[in-house]
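Okay, so here's the structure we're looking at.
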Amino acid sequence: MKGALAVGVTATLAACTEAPQTGSQGGGNTLQRLRDAGTVRVGIAGEIPYGFTKDGEVTGESPEVAKAVFNAIGVSDVEATQVEFGQLIPGLNAGQYDMVAAGMAILPERCKQAQFSAVDYVTNTAFLVPQGNPEGINNFEDVKAKGVNLAVLSGTIEQQVAESLGITNVQTFGGQAEMLQAIQADRAYAGALTDISLRALLEQNPDAKLEVTDGFVPVVDGKKQLQAGGFVFRKGDTDLVNAFNKELRTLHENGRWLEIVRPFGFTKDNLPPADVTTEQLCSGE
542 MKGALAVGVT ATLAACTEAP QTGSQGGGNT LQRLRDAGTV RVGIAGEIPY
592 GFTKDGEVTG ESPEVAKAVF NAIGVSDVEA TQVEFGQLIP GLNAGQYDMV
642 AAGMAILPER CKQAQFSAVD YVTNTAFLVP QGNPEGINNF EDVKAKGVNL
692 AVLSGTIEQQ VAESLGITNV QTFGGQAEML QAIQADRAYA GALTDISLRA
742 LLEQNPDAKL EVTDGFVPVV DGKKQLQAGG FVFRKGDTDL VNAFNKELRT
792 LHENGRWLEI VRPFGFTKDN LPPADVTTEQ LCSGE
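Residue numbers (the numbering used here): 542 to 826.
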């Protein structure tokens, strides 16, 4: 998650079967092109547990789910490039990769720039704070009232919520490590991210003397800002999105999704409710 678009790692997640070769060159159809190549390129942001690199291998909730989906539709390899979170959609639209697999929240402004899959998961927002949470920060209203410095990742829904609520003492960072360092150095009191991300970050840094607050759903102008994430595609890649959605829903329904994501801290509570849809989230309702 550092700087320029192609910075970071490129690695491959190999699925268990060979992709079928149709002989077609795709004719501009992205789905067919990927099947012919047997490889899909995805963008990740190095955010634990959504999409990151460990011991030279790309893993995380989103890449692992993507691997299972693409294996089902005849694409055997998933190659990942790591970029800064805020550059994921620009990189996608610039053709640097075919899809974003980074646990990206589905928001109206993002829907104007790209096409989202069906909802992959839902989760809450939380804060990373000093042990004991001496300032009593449990929501964004507390941050504003207490005037503490807040750390967020650039381009995230947490940054947008903070700005929408008029919180001015916000510091933006390119990655989780920088945010953690800012809190440990007392440059920021709290870091805002999904509760799953923060628990995973704290697990990776057990000596940090920090804790994660209870998860909550932020409210802006009377509307709940539900954290519902999905995969991101270029506009016009409808055949690919439809094929992807079909297999993603199958994973949700047959229990396989939960098996894949459980090692990353997800539970059945993170399965998307039937009434939470991409269409609804993109419309801002």
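Where is the CB? At the ideal position from N, CA and C, for every residue including glycine.
On the criterion of 16 or more Cβ atoms from any shown chain inside 10 Å, does glutamine 672 qualify as buried, or is it exposed? By the neighbour-count rule (16 or more Cβ atoms within 10 Å), glutamine 672 is not buried but exposed.
Beta-carbon proximity of glycine 592 to alanine 667, cut-off 8 Å: Between glycine 592 and alanine 667, the CB-CB gap reaches or exceeds 8 Å.
CA-to-CA distance, aspartate 816 to alanine 769, given in whole angstroms: C-alpha separation (whole angstroms): 12 Å.
Any idea what DSSP makes of lysine 750, helix, strand or coil? Lysine 750 sits in coil when the DSSP states are folded into three classes, being neither helix nor strand.
Would glycine 627 and glycine 716 qualify as a contact pair, given that the criterion is a beta-carbon distance under 8 Å? Result no, Cβ atoms of glycine 627 and glycine 716 do not sit closer than 8 Å.
By the three-class DSSP mapping on this structure, what secondary structure does glutamate 800 have? If DSSP states are grouped into helix, strand and coil, glutamate 800 belongs with the helices.
Entirely enclosed alpha helix (DSSP H) segments - the region 632-674, minimum 4 residues: The alpha helix (DSSP H) runs lying completely inside the region 632-674 and spanning 4 residues or more are 649-652, given in chain order.
Which residues does DSSP list as the beta-bridge partners of glycine 732? DSSP output for glycine 732 lists Leu669 and Ala692 as bridge partner(s).
Any idea what DSSP makes of alanine 578, helix, strand or coil? Judged by DSSP in its simplified three-state form, alanine 578 adopts helix.
What would DSSP say about glutamate 676, mapped onto helix, strand or coil? Glutamate 676 falls in the coil class under three-state DSSP.
If you run the structure through DSSP and keep just helix, strand and coil, what is threonine 709? Threonine 709: coil per DSSP, three-state reduction.
Identify every residue that forms a DSSP beta bridge with glutamate 602. For glutamate 602, DSSP records no beta bridge to any residue.
In whole angstroms, what separates the C-alpha of glutamate 752 from that of threonine 664? Straight across, the Cα-Cα distance linking glutamate 752 with threonine 664 is about 18 Å.
Inter-residue Cα distance where the pair is leucine 742 and asparagine 570: One C-alpha to the other measures close to 39 Å.
DSSP on glutamine 573, reduced to helix/strand/coil? Assigned with DSSP and collapsed to three states, glutamine 573 falls in helix.
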